[in-house]
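Have a look at the structure below before the remarks.
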Amino acid sequence: MARFFLRRLRHTVFVLFAISLISFFFIHLSGDPVMLMLPADASAEQIEAMRERLGFDDPLHVQYLRFLGGVLTGDLGNSLYYHVPVMELVLDRLPASLELALAAMAVALLVAIPVGVLSAVKRGSLIDFGSMLGALFGLSMPHFWLGIMMMLLFSVTLGWLPTSGRGTLAHLVMPATALGVSLMAMFARLTRSVMLEVLSLDYVRTARAKGLSEALVIGQHAFKNALIPIVTVAGMEFGFLLGGTVVIETVFGWPGLGRLVVEAIFNRDYPLVQASVLVLAMIFVLVNLAVDLIYGCLDPQIRVFDEGEMK
Amino acid sequence: MPLLEVDGLRTYFRTPAGLAKAVDDVSLDVEEGEIRAIVGESGCGKSVLSLSILRLLPQPPAFHAGGEIRFGGRDLLKVSQSEIRHIRGNEISMIFQEPMSALNPVFTIGHQLTEVYRVHRGVDARSARRQAVEMLTLVGVPAPEARLREYPFQLSGGMRQRVMIAMALACRPKLLIADEPTTALDVTIQAQILDLMRDLRESLGTAIILITHDLGVVAEMADRVSVMYAGRVAESAEVEALFDRTLHPYTRGLMHAVPSMAGDRAQSRLTEIGGVVPNLTDLPEGCRFEPRCPLAVAYCRKKEPPLETYEGAHMAACWRAGDA
Ligand SMILES: Nc1ncnc2c1ncn2[C@@H]1O[C@H](COP(=O)(O)OP(=O)(O)OP(=O)(O)O)[C@@H](O)[C@H]1O
Ligand SMILES: [Mg+2]
């Protein structure tokens, strides 16, 4: 297991390096960055001064090394708009984004997995039909609309939950649910179909032939196998949850990264965009590392083969 | 009294194409300690019959349309869920054709083997482990301690089947149902596994229902044999009696289909008995074998032949039984 971990870690470092390269060039992709940053009627002197100030007159590899140094020391320059270090801005928003994504994922999985398993076990029953109909609703409901409806009900009418902001658990409930519902629906359907497949396999029949209880057959023999694809999808979805929550962040005034990035794009605040992209990509990679490790725990074949290769 | 008595069993499937009568009025019994073979072409209902005994078929689409399965004074089709669970893996065990897919890929051999002791014997983990090692030694798995920590994919096919046998015999059941236990294995490994099963029958006294489509295996292993065709018993006899004189033209066809050393198995079978097994949802009115039978006469199409006893315990379901 330790070797498997080290190998994955090495892999991760390599990917992070690749990400630093991409996010460095990202700013050069759309032409001269300085032209983008300045108003269209800027004079030649202004452009030149800006270029010099930001170091764009140096050769590319010097610029990259400087950027890489910045990445390693956590200094990616100042925001052109807020005039404070961009890392400060990003790290300030990051906990809120992580909190929301984790909460939404937790809400989704905690409901979806039991529902999906139950639907599979009771296939064709009223429970199955009902929950899959519910899942269809969950999938087709736009989450901003759900957010607004919840806000109308729980905040405006009932006054139970705060409309916006972050801080207490009460603040988290609605945005996490609004964000989690479609995921919940997706995971319920995924769990159901994966469980149905696993339950029809030979080793499940063997487990029954041994005289195990249905609880052991389903909850242990079938479910551990079904978890493998579920964890994979959960890891991917988590990445999207981190960066792709602008709408919910806006509806609930949630101080997350999504809104910061969108504002930075509108403000042409390129160092801020660059830092946000870099941090999001890093988290995405780290989440994938975590998924790989969980995967290794669940699927011995991956783990053992991997160790075999190392020897 | 026989150990197990299957009496007039009917197991049907509800399919979109109609009712599939996979097992249709099958009777057979198993004496204590005997090896009872069931042979027949693919799709004739051997697996459905054996899965019916432990009620392992998915219901729906399967359902029992009649008959009894008597074991130890009970009808297995009527006992409660908890009773049948107590019988499975404890009094009657089962092993399957594909030892790779029959073992759970994400649990160690140790987990899957000790589980049987923990469930049926209620022993603690250490004692279960000790007994598991003993059992693996008994079935000829080398370095059993190390095997316990391994996963199914780390073992060869033959080793996996030995593990399956160890699991099945862990609680010393009275009956082992082996559904084509060697079909997926290499020829040399096949012989080893069959030897092992025969040895274990001697040492533990376990009766075995051996399902196969290889009459060579039957000749070598079994005491008695039932030949199945399209969900029915076509012929049933002591092994010597059957090889001495076959009564049913289908059995004769199967015997000629025993592959010659050089011949390709599937091909020789096709040439020996022309035609295919009839559609189980749309069976002919008379004898099920009539469309393929070299001896068929007009009467065979009219009425289904019952299973009748000829000399000794030799039974056949054929209007022209014994005619050459
Ligand atoms: N789940 C099912 N649903 C519908 N029909 C089924 C099902 N399982 C089996 N059958 C039908 O029952 C018949 C008997 O199948 P069975 O598996 O018992 O054959 P078999 O004699 O074991 O063949 P083989 O030698 O290939 O293992 C087949 O024709 C099959 O179509
Ligand atoms: Mg079969």
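Each protein sequence line maps, in turn, to chains A and B. Residue 86 in UniProt numbering sits at position 86 of the first sequence; the count goes up by one each step and never skips. Residue 313 in UniProt numbering sits at position 313 of the second sequence; the count goes up by one each step and never skips. No residue lacks a Cβ here, since even glycine has one placed at the ideal position from N, Cα and C.
Any idea what DSSP makes of residue i, helix, strand or coil?
i        : result
B/Glu308 : strand
B/Glu235 : strand
B/Tyr12  : strand
A/Leu72  : helix
A/Phe26  : helix
B/Pro294 : coil
B/His64  : strand
A/Phe56  : coil
B/Ile273 : coil
A/Ala290 : helix
B/Pro58  : coil
A/Met105 : helix
B/Asp244 : helix
B/Pro2   : coil
B/Pro142 : coil
B/Phe153 : helix
A/Ala18  : helix
B/Ala316 : strand
A/Asp128 : helix
Taking 7 angstroms as the cut-off, is the CB of residue i close to at least one heavy atom of ligand 2?
i        : result
B/Asp179 : yes
B/Lys46  : yes
With hydrogens ignored, establish whether the beta-carbon of residue i is closer than 7 angstroms to any heavy atom of ligand 1.
i        : result
B/Val119 : no
B/His64  : no
B/Ala42  : It should be noted that the sequence gives Ser, not Ala, for residue 42 of chain B. Answer for B/Ser42: yes, Cβ within range of ligand 1.
B/Pro58  : yes
A/Thr250 : no
B/Phe13  : yes
A/Leu199 : no
B/Leu28  : no
B/Pro61  : yes
B/Phe210 : Going by the sequence as given, residue 210 of chain B is Leu instead of Phe. Not under cutoff, so the answer is no.
B/Leu280 : yes
B/Ala102 : no
B/Ala22  : yes
B/His213 : yes
Name the two residues that bound the continuous alpha helix (DSSP H) containing residue i.
i        : result
A/Ala264 : Leu257 to Phe266
A/Met141 : Segment: none, A/Met141 is in no alpha helix (DSSP H) and carries neither H nor E.
B/Leu196 : Val187 to Leu204
A/Asp202 : Asp202 to Ala209
A/Val170 : The amino acid at residue 170 of chain A is misidentified as Val; the sequence shows Ala. First-last of the alpha helix (DSSP H) with A/Ala170: Leu169 to Leu199.
A/Thr232 : Phe223 to Gly243
A/His83  : Segment: none, A/His83 is in no alpha helix (DSSP H) and carries neither H nor E.
Hey, does residue i have any beta-carbon neighbour from chain D nearer than 8 angstroms?
i        : result
B/Asn279 : The structure shown contains no chain D; its protein chains are A and B.
Residue i lies in the beta strand (DSSP E); which residues open and close that run?
i        : result
B/Thr114 : Per DSSP, B/Thr114 belongs to no beta strand (DSSP E); it is in the alpha helix (DSSP H), Ile109 to His120.
B/Thr212 : Ala207 to Thr212
B/Arg36  : Ile35 to Val39
B/Tyr229 : Arg224 to Tyr229
B/Met94  : Ile92 to Ile95
B/Val30  : Gly18 to Val30
B/Leu283 : No beta strand (DSSP E) contains B/Leu283, which DSSP labels as neither H nor E.
B/Ile177 : Leu175 to Asp179
* Asked: Is the segment 249-258 of chain A close to the segment 156-168 of chain A, with three or more CB pairs under 8 angstroms?
  -> yes
* Chain-ordered residues of the segment 120-152 of chain B with a beta carbon less than 9 angstroms from chain A -> His120, Glu150, Tyr151 and Pro152
* Asked: On the three-pair Cβ rule with 8 angstroms, is the segment 7-18 of chain A touching the segment 286-305 of chain A?
  -> yes
* Evaluate contact between the segment 50-57 of chain B and the segment 164-179 of chain B, counting only Cβ atoms and requiring at least three cross-stretch pairs below 8 angstroms. => yes
* Asked: How about the segment 222-242 of chain A and the segment 182-191 of chain A: do they share at least three Cβ pairs that are nearer than 8 angstroms?
  -> yes
* Asked: In the segment 206-217 of chain A, which residues sit with their C-beta less than 9 angstroms from some C-beta in chain B, listed in chain order?
  -> Thr206, Ala207, Arg208, Ala209, Lys210, Gly211, Leu212, Ser213, Glu214 and Leu216
* **Any 3 or more C-beta pairs closer than 8 angstroms across the segment 86-98 of chain B and the segment 66-76 of chain B** => yes
* To do: Decide if the segment 279-296 of chain B is in contact with the segment 245-257 of chain B; the criterion is three or more beta carbon pairs, one per stretch, under 8 angstroms apart.
  => yes
* Asked: Listed from N- to C-terminal order along the chain, which residues in the segment 94-105 of chain B have their beta-carbon within a distance smaller than 7 angstroms of any beta-carbon of chain A?
  -> Met94, Phe96, Glu98, Ser101, Ala102, Leu103, Asn104 and Pro105
* Can we say the segment 279-289 of chain B touches the segment 15-27 of chain B, given the rule of at least three CB pairs closer than 8 angstroms? -> yes
* **the segment 21-35 of chain B touching the segment 228-239 of chain B, judged by at least three CB pairs closer than 8 angstroms** => yes
* the segment 201-214 of chain B touching the segment 232-252 of chain B, judged by at least three CB pairs closer than 8 angstroms -> no
* Asked: What are the residues of the segment 26-40 of chain B that lie near chain A, defined by any Cβ-Cβ distance shorter than 9 angstroms?
  -> none
* To do: Select from the segment 69-92 of chain B all residues with a C-beta closer than 8 angstroms to any C-beta belonging to chain A, and list them in chain order.
  => Arg85, His86, Ile87, Arg88, Gly89 and Asn90
* To do: Identify each residue in the segment 199-224 of chain B for which the Cβ-Cβ distance to at least one residue of chain A is less than 9 angstroms, and report them in chain order.
  => none
* Asked: Between the segment 115-134 of chain B and the segment 193-205 of chain B, do three or more beta carbon pairs fall short of 8 angstroms?
  -> no
* Members of the segment 105-116 of chain B near chain A, C-beta cut-off 9 angstroms -> Pro105, Val106, Phe107, Thr108, Gln112, Glu115 and Val116
* Interface residues of the segment 150-176 of chain B facing chain A [CB-CB below 9 angstroms] -> Glu150, Tyr151, Pro152, Phe153, Gln154, Met164, Met167, Ala168, Ala170 and Cys171
* To do: Could you tell me whether the segment 126-134 of chain B touches the segment 106-116 of chain B, where touching means 3 or more Cβ pairs closer than 8 angstroms?
  => yes
* Is the number of C-beta pairs between the segment 133-153 of chain A and the segment 172-184 of chain A that are closer than 8 angstroms three or more? -> yes
* Spell out a yes or no on whether the segment 72-79 of chain A and the segment 144-157 of chain A are touching, meaning 3 or more CB-CB pairs, one atom from each, closer than 8 angstroms. => no
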